[in-house]
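Notes for the one structure printed next.
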Amino acid sequence: MADLPILRLADVELTFGGTPIFTGVTFTLAKGERAALVGRNGAGKSTLMKLVTSHHEPDEGDMWRQPGTDVAVVEQEPDLSAFSTALEYASQNTEESWMAEAELGLFGIDPAADPATLSGGQIRRAALARAFAEDPDILLLDEPTNHLDVPMIETLEDRLNAFPGAVLLVSHDRRFLENVTTTTLWLRQGKVWKSPRGYAHFDDWAAGIEAEEEKHLQKLKTHLKEEHHWLARGVTARRKRNMGRLAKLHELRAQHARQRALLNEAKSTAGLSAESGDSQSRKVLEAFGLSKAFDGLVIAKDLSLRILKGDRIGIVGPNGVGKTTLLKLLLGELTPDTGSVKTAQNLTVTYLDQTRETLKPDDTLWEALAPSGGDAVMVQGKSKHVAAYAKDFLFSPEQLRQPVSALSGGERNRLTLAIALAKPADVLVLDEPTNDLDMQTLDLLEEMLSDFDGTLILVSHDRAFLDAIVTSCLVPMGGGKWVETPGGWNDAARQVPSLVNRTAAAPSKADKPKTKPTQAATSAPKRETKLSFKDKHRLKEAEEALPRLEAEITDLEAKLGDPELFNRDPEAFERISKRLDQARQELESAEEDWLAIEALKEELASKS
161 MADLPILRLA DVELTFGGTP IFTGVTFTLA KGERAALVGR NGAGKSTLMK
211 LVTSHHEPDE GDMWRQPGTD VAVVEQEPDL SAFSTALEYA SQNTEESWMA
261 EAELGLFGID PAADPATLSG GQIRRAALAR AFAEDPDILL LDEPTNHLDV
311 PMIETLEDRL NAFPGAVLLV SHDRRFLENV TTTTLWLRQG KVWKSPRGYA
361 HFDDWAAGIE AEEEKHLQKL KTHLKEEHHW LARGVTARRK RNMGRLAKLH
411 ELRAQHARQR ALLNEAKSTA GLSAESGDSQ SRKVLEAFGL SKAFDGLVIA
461 KDLSLRILKG DRIGIVGPNG VGKTTLLKLL LGELTPDTGS VKTAQNLTVT
511 YLDQTRETLK PDDTLWEALA PSGGDAVMVQ GKSKHVAAYA KDFLFSPEQL
561 RQPVSALSGG ERNRLTLAIA LAKPADVLVL DEPTNDLDMQ TLDLLEEMLS
611 DFDGTLILVS HDRAFLDAIV TSCLVPMGGG KWVETPGGWN DAARQVPSLV
661 NRTAAAPSKA DKPKTKPTQA ATSAPKRETK LSFKDKHRLK EAEEALPRLE
711 AEITDLEAKL GDPELFNRDP EAFERISKRL DQARQELESA EEDWLAIEAL
761 KEELASKS
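In terms of this note's numbering, the sequence shown opens at residue 161 and continues consecutively.
Structure representation (structure tokens):
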């Protein structure tokens, strides 16, 4: 028998300043249920959390909690300044101080620690310990993995999976959501859709909802002007983009491995003379015997590293190992104790650190993107209309005149990325870029980075993001030693088990090694070795569509690049923008068909 609900919202409506936030929110939570709360930026996720804690009261509808229900909240920025020790803070809302002490120990915090000496990650862990020590019936978590390293994220996953109460959590960390949630709440258009399955199944479920809505709209044949489709979640398009990005990433990783093998072979057989060839011109950065230590902490010891054009390197490892310091050593912002770093001539580096670029709250979004004035912004050395570039980052034309102070946290992060990514760069360096980003912006960032043809150096604890973006990882081995592993996070964790220092989970089907075919398999009937008529037709259509769509996209992008188009003819700007989105999706679909059939041709050829 399923647990009875301990929280129920029915037809809840809420309005702020004349703007409706919720137009009819209905859902329940029961003990043992761990719900992911997802939705585009500005949908009202944080406001919904405050409704649950009674910080806000609904204008209409009913909100019911089972009598005696305790609610604990882990805030994004906990304040420990009023407490003399971590234990005093963690035990504030419980009479059993031993529970707080035990939870602090689990999260690696000394109970006697002075809160004033704790880092951001330690403060977050202390807040988690306090929440669990309260033993609440409902636990609310808002971006709980921010500032946590992977081992601590996995500790939190274990703690949540064993938690008997109800959990409602907001997080940008997709792998974390997949590992802990049992249900999903999708907040969109002022209402909540609920799936009885966890976030791992969200994309397929949400795509089904959107497909049904699309069919309904087609049947009605209405021309209702709703929010632009590119401002919505866009799950269906996202899945298509992910497939294309995945194929591209696999090719990048294979290319990266081939390049490394060739370089290693050349180094072992031809000595230094081989480095004067083509590979030399592709060299972006090289470290020679790099060593650095601070107060006994060895950041790097005799590190030699070569980074080539097109490399996508993720610097991973637990907090405190010196990832950001290593980054600054490689960029020349810190002087090594021994060794040196050589960079290519005229190298342009764009560096987005954890603090992000400061935005002026009184500036409009337009002024932030084009601080020198005018209607155009320089994007990677090319002029583009401000409205067109803002649209690339999911901002509507109506938002361009809004002050930065009116933007939500996720929108400000999106704007910061837009400013940084507009700068032309040979090397793009991102330190924890996914912190505080919503899912919508994460998807956008992944797409833009997949199209970036320069070199990428990335520091992140986001496992799914690393798997989707990087071609290799730089992994700490202890004592200042680092090793480069091919592939993403999962590949690094398999090759260096100490990276997570936990018992490895059972491999998924995709991770299991391929076994040799059994006798029964080898004696099976011979499979078809030629493309079917249907596949030949698909291949022909794809080959005809690719150049046509590429030419159309180029033409549409040129039209949108006209700085005067938006002012001269806003309707034409909107019409061209919509067709450009559609053409890009058609191109991605054609590319996927072509890739799939080409892969099938190779497979059939190998069997002939």
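Where is the CB? At the ideal position from N, CA and C, for every residue including glycine.
Cβ-based burial, Met637 [other Cβ within 10 Å; buried from 16]: exposed
If we count the other Cβ atoms within 10 Å of its Cβ and call it buried at 16 or more, is Glu606 buried or exposed? By the neighbour-count rule (16 or more Cβ atoms within 10 Å), Glu606 is buried.
Here's a check: name, in chain order, each residue in its chain whose Cβ is nearer than 6 Å to the Cβ of Val352, leaving out the five neighbours to either side. Val185, Phe187 and Leu345
My guess is that Asp622 and Asp333 are in contact by the Cβ rule of under 8 Å, so how many angstroms apart are they, rounded? 6 Å
Less than 8 Å between the CB atoms is what I'm expecting for Ala232 and Pro296, so what's the real figure, rounded? 4 Å
Which one of Val340, Gly325 and Leu706 has the shortest CA to CA distance from Leu318? Residue identity check: residue 318 is Asp in the sequence provided, not Leu. That would be Val340, whose Cα lies nearest to the Cα of Asp318.
Counting pairs of Cβ atoms below 8 Å between the segment 307-321 and the segment 563-581, do you hit three or more? No, the segment 307-321 is not in contact with the segment 563-581.
If we call anything under 8 Å between Cβ atoms a contact, is Ala293 one with Phe267? no
Would you say Val539 and Ala582 are within 8 Å of each other, going by their C-beta atoms? yes
Nearest neighbour of Ser500, chosen from Leu247, Ser464 and Asp535 [CA to CA]: Ser464
Glu159 burial status per 10 Å Cβ neighbour count (16 or more: buried): Residue 159 is absent from the structure shown; the chain starts at 161 and stops at 768.
Give the DSSP bridge partners of Ser206, in chain order. When DSSP reads this structure, Ser206 sits in no beta bridge, so it has no partner.
Secondary structure of Val656, DSSP reduced to three states: coil
Got a sec, what are the start and stop residues for the alpha helix (DSSP H) Asp627 sits in? Arg623 to Ile629
Could you check how far apart the C-beta atoms of Gly350 and Phe182 are, in whole angstroms? I think they sit under 8 Å. 5 Å
One question on the structure: do Asn201 and Asn595 come within less than 8 Å of each other, judged by their Cβ atoms? no
CB of Leu300 within 8 Å of CB of Val212, strictly: A contact, by the Cβ cut-off of 8 Å.
Backbone secondary structure at Lys544 - three-state DSSP: strand
Out of curiosity, what's the CA-to-CA distance linking Arg662 and Ala196? Low per-residue confidence applies at Arg662: pLDDT is 49, beneath 50, and the placement is therefore not dependable enough to give any value.
Who are the near neighbours of Gly474 in its chain, counting only those whose CB is closer than 6 Å to its CB and skipping five residues on each side? Leu618, Leu626, Val630 and Cys633.
Give the list of continuous alpha helix (DSSP H) stretches no shorter than 4 residues that lie fully inside the segment 224-312. Complete alpha helix (DSSP H) runs here, min 4: 246-250, 257-266 and 280-293.
Which residues in the same chain as Asp522 place their Cβ atom closer than 8 Å to its Cβ, once the five residues preceding and following it in sequence are excluded? Pro563, Val564 and Ser565
For Lys469, which residues in the same chain have their Cβ closer than 8 Å to its Cβ, ignoring the five residues on either side in sequence? Arg442, Lys443, Val444, Asp586, Gly614 and Thr615
Residues in its own chain within less than 6 Å of Met259 by CB, not counting five upstream and five downstream? Non-local C-beta neighbours of Met259 in its own chain, meaning closer than 6 Å and more than five positions away in sequence, comprise Ala293, ordered along the chain.
Within the continuous alpha helix (DSSP H) that includes Thr188, where are the two ends? Not the alpha helix (DSSP H): Thr188 falls in the beta strand (DSSP E), residues Thr179 to Ala190.
Compare the beta carbon distance of Leu747 and Leu709 with 8 Å and say whether it is the shorter of the two. Less than 8 Å separates the beta-carbon of Leu747 from that of Leu709.
Specify the secondary structure class of Ala322 as computed by DSSP and reduced to three states. coil
Which residue or residues does DSSP assign as beta-bridge partners of Phe448? Ser500
Bridge partners for Ala196 per DSSP, in chain order? Leu329 and Thr344
List the residues that DSSP assigns as beta-bridge partners of Leu699. DSSP, once it has assigned bridges, lists no residue as partnering Leu699.
Coarse secondary structure for Phe733, derived from DSSP in three states: Residue state, collapsed to three classes: helix.
Pro356 to Leu490 span [Cα, whole Å]: 47 Å
Measure the C-alpha to C-alpha separation of Ala170 and Leu347 and round it to an integer number of angstroms. 14 Å
Exposed or buried, Gly265, counting other C-beta atoms within 10 Å across all chains shown (16 or more means buried)? exposed
When DSSP labels each residue in this structure, what does Glu748 get in the three-state scheme? Here Glu748 sits in helix by DSSP.
Strictly by DSSP, which residues pair up with Ala566? According to DSSP, Ala566 bridges with nothing at all.
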